[in-house]
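Undergrad: Residue numbers (UniProt numbering): 1 to 578.
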């Protein structure tokens with residue numbers, strides 16, 4: 001049954017959300033502050049809701065806009081064909097939208113710090129919450145994408161490699177390649193400045209970077225429309241030619257076509273993401289109960305525009321058998337040479353625009369690294385606040401930034417200096433080439449837990465008599481059946497994530513371990529923690545649905561009385577556009 005929608009959702013407290021009453025001065029100093037405004041949250045929901053898409057998808061979002069749109073979709077098109085590419089991304093975008101609904105309803109009601117982990121602790125079990133928190137952190141640190149390497153195109157993992165490959169793209173504009181340590185140092189220092197002092201700096205930097213990415217992505221879509229109609233130097237109105245020749249799908253037999261579709265589906269499961277990003281950033285939004293419902297509601301449009309239209313565009317501008325693109329892939333060409341747009345521009349003899357594609361990739365990589373910093377640091381801090389991490393991780397500075405966990409994240413980034421040495425780089429190339437399996441599986445496990453958490457939350461609301469009586473800032477027509485459907489699909493994709501090792505001649509023990517490490521690690525951590533702490537599943541009757549609510553209501557009243565929520569006509573227009 002559907003809730004009645006609340007007309008005036010309110011804002012969140014600058015205190016924490018873990019205690020019912022006002023926190024002591026000591027506890028107050030441990031909580032992050034809420035300084036991200038609506039403009040920043042809305043733009044971040046586009047560009048960081050999938051670092052996932054922004055970085056994982058395009059170079060390989062939600063960042064919903066990522067490097068996959070500019071690069072990796074080309075390789076996936078050669079493996080699956082334009083039809084399967086479109087179907088795979090469309091199907092998975094629908095699943096992610098259902099996951100978004102699972103996260104949106106409870107998060108908009110109680111936008112807490114590290115929300116989806118906090119809710120797993122409250123509504124499922126402390127063991128599951130702890131395990132998914134560290135599983136998610138592992139996925140963030142090991143999150144990998146197809147990015148440009150100084151000598152070839154590698155699947156890279158770890159936050160530090162996002163930094164390293166930023167320099168590799170910048171080399172496109174330099175007469176001679178810069179020493180890798182130079183731009184690595186620049187990235188680490190700028191990340192430290194952005195993330196160690198005030199979250200508003202992160203929000204503002206993301207706003208402008210994502211704005212650039214949006215404009216460049218729109219340019220790519222406009223390029224597709226114009227060139228397919230003949231507006232190109234060759235006056236070649238190719239239209240949907242590549243859907244007819246070589247055809248909409250790759251493969252001639254049923255088994256080959258099945259593998260082609262699974263390739264597109266698994267690529268989408270790695271690239272398309274986002275609900276986790278909004279769930280985490282809700283802990284630092286200044287007016288989350290007003291802003292977060294709006295951000296969650298627009299996810300469907302963003303998934304359609306930035307994922308579905310992008311996959312359609314790639315299938316139009318480039319053939320799945322394009323020799324320029326295949327040569328770039330087979331030769332592990334550097335930079336954006338593997339981008340379907342660059343290959344198309346070379347074929348059509350279009351100049352200048354490749355520079356814009358490189359700019360899009362550079363901004364996506366830098367933005368993705370920044371988002372990895374943010375999410376990793378906030379996840380560790382949230383776990384510590386639940387007593388599931390070292391107490392030192394609770395510390396924040398006077399601006400409410402968890403500087404200790406930021407420093408820990410920076411320590412991982414410093415591993416990028418290992419790539420300076422040839423010997424260590426070879427070892428890391430082998431290792432990180434398999435980290436995509438860990439990252440994808442960790443992300444899929446996160447979706448599963450989000451769905452289970454939503455189901456348990458709804459049951460607790462019903463048992464405690466709130467399901468039919470409480471007005472919520474966000475409602476959904478897709479619950480609870482949508483949660484069950486998304487849970488089923490995410491579980492199936494998790495199981496087939498490493499299916500290639502079971503094919504004839506495909507067995508590789510390292511690939512098998514990396515593909516299924518995250519699910520096994522998640523289950524083991526949850527069981528061990530539950531046994532040691534002697535804490536099982538949380539019953540619906542005892543689920544905590546109220547902690548932090550009073551602080552939210554008091555804070556929203558303070559903001560409303562001071563007219564902070566008032567905006568002029570220009571701001572209201574801008575907010576409506578977003």
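From the three backbone atoms N, C-alpha and C, an ideal C-beta is built for every residue, glycine too.
Values in this document were obtained by computation on a predicted structure and should not be read as measured data.
On the CB-based measure, 16 or more other CB atoms within 10 Å of its CB, does residue 456 come out buried or exposed?
TA: Buried: at least 16 other Cβ atoms inside 10 Å.
Undergrad: Whole angstroms is fine: what's the gap from residue 558's alpha carbon to residue 391's?
TA: If I take the Cα positions, the gap works out to 31 Å.
Undergrad: Less than 8 Å between the CB atoms is what I'm expecting for residue 108 and residue 292, so what's the real figure, rounded?
TA: So it is a contact: roughly 5 Å between Cβ atoms.
Undergrad: In the structure shown, what three-state DSSP assignment does residue 460 receive?
TA: Residue 460: helix per DSSP, three-state reduction.
Undergrad: In three-state terms, what does DSSP make of residue 285?
TA: In the structure shown, residue 285 sits in a strand (DSSP, three-state: E or B).
Undergrad: Taking 8 Å as the threshold, find out whether the segment 257-270 comes into contact with the segment 490-497 through three or more Cβ pairs.
TA: Flag = yes, the segment 257-270 and the segment 490-497 touch.
Undergrad: Comparing alpha-carbon positions, which option in 356, 126, 553 and 412 lies nearest residue 215?
TA: The residue with the shortest Cα to Cα distance from residue 215 is 356.
Undergrad: Quick check on residue 221: does DSSP put it in helix, strand or coil?
TA: In this structure, residue 221 counts as helix in the three-state DSSP scheme.
Undergrad: Can you look up residue 545 in the DSSP assignment and give me helix, strand or coil?
TA: Of the three classes helix, strand and coil, the one that applies to residue 545 here is coil, per DSSP.
Undergrad: Do residue 102 and residue 451 have their CB atoms nearer than 8 Å?
TA: Yes.
Undergrad: Just list the residues that DSSP pairs residue 326 with in beta bridges.
TA: Bridge partners of residue 326: none, in fact.
Undergrad: Could you tell me which of 85, 76 and 134 sits nearest to residue 376, measuring between CA atoms?
TA: That would be 134, whose Cα lies nearest to the Cα of residue 376.
Undergrad: Considering Cα atoms alone, identify which of 111, 310, 252 and 378 is closest to residue 225.
TA: The shortest Cα separation from residue 225 among 111, 310, 252 and 378 belongs to 310.
Undergrad: Pull the bridge partners of residue 36 from the DSSP assignment, please.
TA: Beta-bridge pairing links residue 36 to 285.
Undergrad: Near residue 319, what residues of its chain come up, given a Cβ to Cβ distance below 6 Å and the 5 sequence neighbours on each side ignored?
TA: Excluding positions up to five away in sequence, the list reads 242.
Undergrad: Might you give, ordered along the chain, the residues of its own chain that have their beta carbon closer than 6 Å to the beta carbon of residue 75, omitting 5 neighbours on each side?
TA: The residues are 329.
Undergrad: With a cut-off of 8 Å, do at least 3 Cβ pairs link the segment 534-545 to the segment 119-134?
TA: Yes, they touch.
Undergrad: Give every residue of the same chain whose Cβ lies closer than 8 Å to the Cβ of residue 397, excluding the five residues on either side of it in the sequence, and list them in chain order.
TA: The residues are 196, 197 and 403.
Undergrad: On the criterion of 16 or more Cβ atoms from any shown chain inside 10 Å, does residue 286 qualify as buried, or is it exposed?
TA: Buried, by the Cβ-count rule.
Undergrad: Are the segment 240-257 and the segment 295-302 in contact at 8 Å, needing three or more beta carbon pairs?
TA: Cβ pair count under 8 Å is below three, so no.
Undergrad: Compare the C-alpha of residue 258 against each of 482, 84 and 484 and name the closest.
TA: With distances taken between Cα atoms, residue 258 lies closest to 84.
Undergrad: Helix, strand or coil for residue 472, going by three-state DSSP, please let me know.
TA: Residue state, collapsed to three classes: strand.
Undergrad: According to the Cβ coordinates, are residue 295 and residue 278 closer than 8 Å?
TA: Closer than 8 Å, so yes.
Undergrad: Once you ignore the five residues that flank residue 29 on each side, which residues in its own chain have a CB closer than 7 Å to its CB?
TA: A caution first: residue 29 carries a pLDDT of 46, below 50, which makes its placement in the model too unreliable to give a value.
Undergrad: Quick one: what's got a C-beta closer than 7 Å to residue 389's C-beta in the same chain, skipping five residues either side?
TA: Hits under 7 Å: 380 and 383.
Undergrad: When you compare the CB positions of residue 474 and residue 104, do they come within less than 8 Å of one another, or not?
TA: In contact: residue 474 and residue 104 (Cβ atoms closer than 8 Å).
Undergrad: Which class does residue 292 belong to by DSSP, given the choice of helix, strand or coil?
TA: Helix, per DSSP.
Undergrad: Can you give the Cα-Cα distance for residue 409 and residue 36, rounded to whole angstroms?
TA: So the two alpha carbons sit approximately 21 Å from each other.
Undergrad: Rank 140, 306 and 364 by C-alpha distance to the C-alpha of residue 86 and give the top, closest one.
TA: Selected option, being the one with the closest Cα: 306.
Undergrad: Mind reading off the beta-carbon distance from residue 370 to residue 206? Whole number of angstroms is fine, and I expect it under 8 Å.
TA: Right, the Cβ-Cβ distance comes to about 7 Å (below 8 Å), so this counts as a contact.
Undergrad: So, under 8 Å CB-CB, residue 366 and residue 181 are touching, yes? Tell me the CB distance rounded to an integer number of Å.
TA: With a Cβ gap of about 17 Å, residue 366 and residue 181 do not count as contacting.
Undergrad: Our contact map puts residue 234 next to residue 348 with C-beta atoms below 8 Å; I'd like the distance itself, whole angstroms only.
TA: Yes, residue 234 and residue 348 are in contact; Cβ-Cβ is about 6 Å, under 8 Å.
Undergrad: Please determine, among 552, 519, 387 and 97, the residue with the shortest C-alpha to C-alpha distance to residue 303.
TA: Ranking 552, 519, 387 and 97 by Cα distance to residue 303 puts 97 first.
Undergrad: Is residue 255 helix, strand or coil by DSSP?
TA: Residue state, collapsed to three classes: helix.
Undergrad: Anyone know if the C-beta pair for residue 260 and residue 80 falls short of 8 Å?
TA: For residue 260 and residue 80, yes; Cβs fall inside 8 Å.
Undergrad: Measure the beta-carbon distance from residue 130 to residue 545 and round it to whole angstroms, keeping in mind my assumption that it falls under 8 Å.
TA: Not confirmed; about 20 Å, so no contact.
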